[in-house]
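Participant:
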Amino acid sequence: MVASDIAIHKPLVLNGPDSFPGHARCVINGNKWWFRASTNKFNNGAIILDSVYASGSFSRVNSVHDENAPHTIDFESKLARSRGSVTGDDFYDAIPSACHYQDHFRNYLKVVHEIDDETSG
Numbered sequence: 001m002v003a004s005d006i007a008i009h010k011p012l013v014l015n016g017p018d019s020f021p022g023h024a025r026c027v028i029n030g031n032k033w034w035f036r037a038s039t040n041k042f043n044n045g046a047i048i049l050d051s052v053y054a055s056g057s058f059s060r061v062n063s064v065h066d067e068n069a070p071h072t073i074d075f076e077s078k079l080a081r082s083r084g085s086v087t088g089d090d091f092y093d094a095i096p097s098a099c100h101y102q103d104h105f106r107n108y109l110k111v112v113h114e115i116d117d118e119t120s121g
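Numbering of the sequence shown is given in UniProt numbering, commencing with residue 1 and proceeding in unit increments.
1) Which class does S97 belong to by DSSP, given the choice of helix, strand or coil?
2) I'd like to know whether the C-beta atoms of Y53 and H23 end up nearer to each other than 8 Å.
3) Measuring only from the beta carbon, is Y108 closer than 7 Å to any heavy atom that is part of the ligand NAP?
4) Along the beta strand (DSSP E) that carries A3, what are the first and last residues, could you check?
5) Within a Cβ cutoff of 6 Å, which residues of the same chain sit near F35, ignoring the five residues on either side of it in sequence?
6) Is the distance from the Cβ of S82 to the Cβ of E114 below 8 Å?
7) Could you tell me which residues DSSP pairs with E114 in its beta bridges?
8) What number of angstroms, rounded off, separates the C-alpha of V86 from the C-alpha of L12?
9) Please say whether L109 and G88 have beta carbons closer to each other than 8 Å?
10) Hey, quick one: how far does the beta strand (DSSP E) through N29 stretch, first residue to last?
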């Protein structure tokens, strides 16, 4: 699957129980997608996903995929070019408390590396 025309409209932070936005969902129609979330509006109890946080298109076929020559990433050489790193705890501690993250990064990230990517513009 190849995503394209990706637009991030605004950051999404799910703050926890009894706060808004309380629900989020990826809505797909044909080859278009929208990442939507609810505010505090309901229609006879049904959730209204009225805020768009990101959108884009996708194709189920990757035209550059070559089954006989799969793309690989040499992680060791990339890490050797690391410009710096922080622990998952340091990364988590740098997130402003107003974001109300609750151990997401501390639980899933051990080390975050900054690496120059020669393919990025």
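Beta carbons are placed, not taken as given, at the ideal position from N, Cα and C, and that holds for glycine.
Just so you know, these numbers come straight off a predicted model, no measurement behind them.
Facilitator: Walking through what the data contain:
1) As a first step, residue 97 is located in the sequence shown; it is residue number 97 there, counting from the start. S97 falls in the helix class under three-state DSSP.
2) By 1-based counting over the sequence shown, the position of residue 53 is 53. By 1-based counting over the sequence shown, the position of residue 23 is 23. Not in contact: Y53 and H23 (Cβ atoms no closer than 8 Å).
3) Ligands are entirely absent from the displayed structure, and the ligand NAP is therefore not among its contents.
4) As a working note, residue 3 is residue 3 in the sequence shown. Unbroken beta strand (DSSP E) run through A3: V2 to I8.
5) Counting from one through the sequence shown, the residue named residue 35 turns up at place 35. If we look at F35 and ignore the five residues flanking it on each side, its Cβ neighbours are C26, Y53 and A54.
6) Along the sequence shown, one-based indexing puts residue 82 at 82. Along the sequence shown, one-based indexing puts residue 114 at 114. The answer is yes: Cβ separation under 8 Å.
7) Locating residue 114 in the sequence shown gives position 114, counting from the first residue. E114 is bridged to G84.
8) Working through the sequence shown from its first residue, we reach residue 86 at position 86. Working through the sequence shown from its first residue, we reach residue 12 at position 12. Taking the straight line from one Cα to the other gives about 24 Å.
9) Locating residue 88 in the sequence shown gives position 88, where the first residue counts as 1. Locating residue 109 in the sequence shown gives position 109, where the first residue counts as 1. Yes, these two residues count as a Cβ contact at 8 Å.
10) By one-based count along the sequence shown, residue 29 stands at place 29. A24 to N29 is the span of the beta strand (DSSP E), which, as asked, contains N29.
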